[in-house]
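Be aware that the sequence shown starts at 1024, since it is given in our numbering, and climbs by one per residue.
Quick reminder that beta carbons are idealized off the backbone N, C-alpha and C, glycines included.
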Amino acid sequence: MKNIVILISGAGSNMKAIVETAERERWAGRIGARVAAVISNRPQAAGLAVAHAAGVATSVVDHRAHASRESFDAGLAQAIDAHAPALVVLAGFMRILTPGFVAHYAGRLINIHPSLLPAFPGLDTHRRAIEAGCKVAGVTVHQVTAELDHGPILDQAVVPVLEGDTPELLAARVQAQEHRIYPRAVARLVASLPAR
Ligand code: GAR
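What follows is the structure, given as structure tokens:
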């Protein structure tokens, strides 16, 4: 079985979409893959309860308990590798990762970012897209490389920016697309990766 480990920091709606799609589309039988664990860097992340309710193992690696990024990433990698993952999925995981961590998971670490990369890497993407006068916005699923919000693009979806949009309205429109394309990208990639 190919294990998928999902990292979250907050609500975990993308994680939930992946877990539900895996169940509905019978990934275990069809592509030999399952969501083995959800790990959060924040103990209070709402997504932890969502994962637990879905029957997925959860754990916390609290970044505040570590003095350096290197120490946190080492602890995180240990928690992840306990599940021997074929694929590690960042789903609203709001930490900058060290080059060593990224190299350890080369080719099997992906992220979802709420903009049409390479436009608007970093935070506050929806406000920035509205302020720039963009007529379209969207979401990108990409391989993670050492450079923040870069790396080979696996999938994208486009939404319109509407007259009178607020960052919240635009975020909701983008999130609907996130929940559609992220499970699909995860399934496609994990099918091509070896079990560990
Ligand atoms: C998602 O919109 C995701 O695109 C974004 O955080 C949100 C997490 O929501 N990720 C980033 O901004 C990464 N730079 P979720 O916890 O409900 O999935």
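With a threshold of 16 other CB atoms inside 10 Å of the CB of serine 1091, please say whether the residue is buried or exposed. exposed
Taking 8 Å as the cut-off, does the CB of alanine 1114 come closer than this to any heavy atom belonging to the ligand GAR? yes
Just mark isoleucine 1031 as buried or exposed, buried being the case when its beta carbon has 16 or more other beta carbons within 10 Å. buried
Compare the Cα-Cα distances from alanine 1068 to each of His1165, Gly1115, Thr1163 and report the closest residue. Gly1115
Run the proximity test for alanine 1194: is its beta-carbon closer than 8 Å to any non-hydrogen atom belonging to the ligand GAR? yes
Thinking leucine 1110 and valine 1042 are a contact (beta carbons under 8 Å), I'd like their distance in whole angstroms, please. Incorrect: roughly 14 Å between the Cβ atoms, too far for contact.
Spatial neighbours of phenylalanine 1143 within its chain, please: CB distance less than 7 Å, with the 5 preceding and 5 following residues excluded, ordered by chain position. Arg1151, Ala1152
When Trp1050, Thr1163, Leu1185 are compared against proline 1175, the one with the closest alpha-carbon: Thr1163
Where are the beta strand (DSSP E) runs, 3 residues long or more, that stay fully inside the region 1079–1134, in chain order? 1080–1083, 1108–1113
Which residues share a DSSP beta bridge with valine 1159? Pro1183
Residues bridged to lysine 1025 (per DSSP): Ala1056
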